[in-house]
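Asker: I'd like to ask some things about the structure below.
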Amino acid sequence: MIDSNPPLLNHYGALLRNSAEPQKAKSLTDKDNNTVVDACELPLIDLNGLKSCNVRERLACTASICKAASEWGFFQVINHGINPELLRNMREEQMKLFRVPFEKKATCGLLNNPYRWGTPTATRSNQFSWSEAFHIPLTMISEEACWEKQ
């Protein structure tokens, strides 16, 4: 069987075995019952606050966005008004991309190889991320030509 996952355990197994640090895990769901946080406590902003008639609620939401952006550099949002069908379609394309065999993802040269995984500089288990990422324009995500060897 061809594995689509990066070899995270090969690279970070020792960090996990040597770690006595408890790992926090938390799951939250949005109004469409989608899991939006799983494995760590990411900043989560409910954008309904921006639409509130109450000035304090709008200011609190704005302050939460500023805090998350300055402390984390990113955050998740719920109740953003994006069509659930569009989000489902995006997730389907995402799943297709991440199911590609690891070796192909790591060597395909897709747009100058924007494929990244893990955290190369981690020295402790709380520093690494079980992550896999592509930085590509969404308009090109399904194009066959993107996967040809260059």
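Residue numbering for the sequence shown is 453 to 602, as defined by this note's numbering. Using N, Cα and C, we set each Cβ at its ideal position, and we do this for glycine too.
1. Once the 5 residues before and after L502 are set aside, which same chain residues still bring their CB inside 8 Å of it?
2. If you count every other CB in all the chains shown that lies within 10 Å of the CB of L549, and 16 or more means buried, which is it?
3. Would you give the residue range spanned by the alpha helix (DSSP H) that L494 belongs to?
4. Closer than 8 Å by C-beta to C505: which residues in its own chain qualify, once you throw out the five before and the five after it? Chain order, please.
5. Return the residue from the list I517, V507 and R508 that minimises the CA-CA distance to P495.
6. Secondary structure at V529, three-state DSSP: helix, strand or coil?
7. Could you check whether the Cβ of G525 sits closer than 8 Å to any Cβ belonging to chain B?
8. From M547 to P553, what does the alpha carbon distance come to, in whole angstroms?
9. Between which two residues does the alpha helix (DSSP H) carrying P536 extend?
10. Could you check which residue in T559, E545 and E493 has the C-alpha nearest to that of E523?
11. Going by DSSP, what residue range makes up the alpha helix (DSSP H) through S516?
Answerer: Based on what the coordinates show:
1. For L502, where only same-chain residues beyond five positions count, the Cβ hits under 8 Å are R510, C513 and T514.
2. buried
3. Looking at the DSSP string, L494 is not in any alpha helix (DSSP H), and its letter there is neither H nor E.
4. none
5. I517
6. strand
7. Absent from the structure: chain B. Only one protein chain is present.
8. 12 Å
9. Run containing P536: P536 to F550, per the alpha helix (DSSP H) assignment.
10. Checking every option, the nearest Cα to that of E523 belongs to E493.
11. V507 to E523
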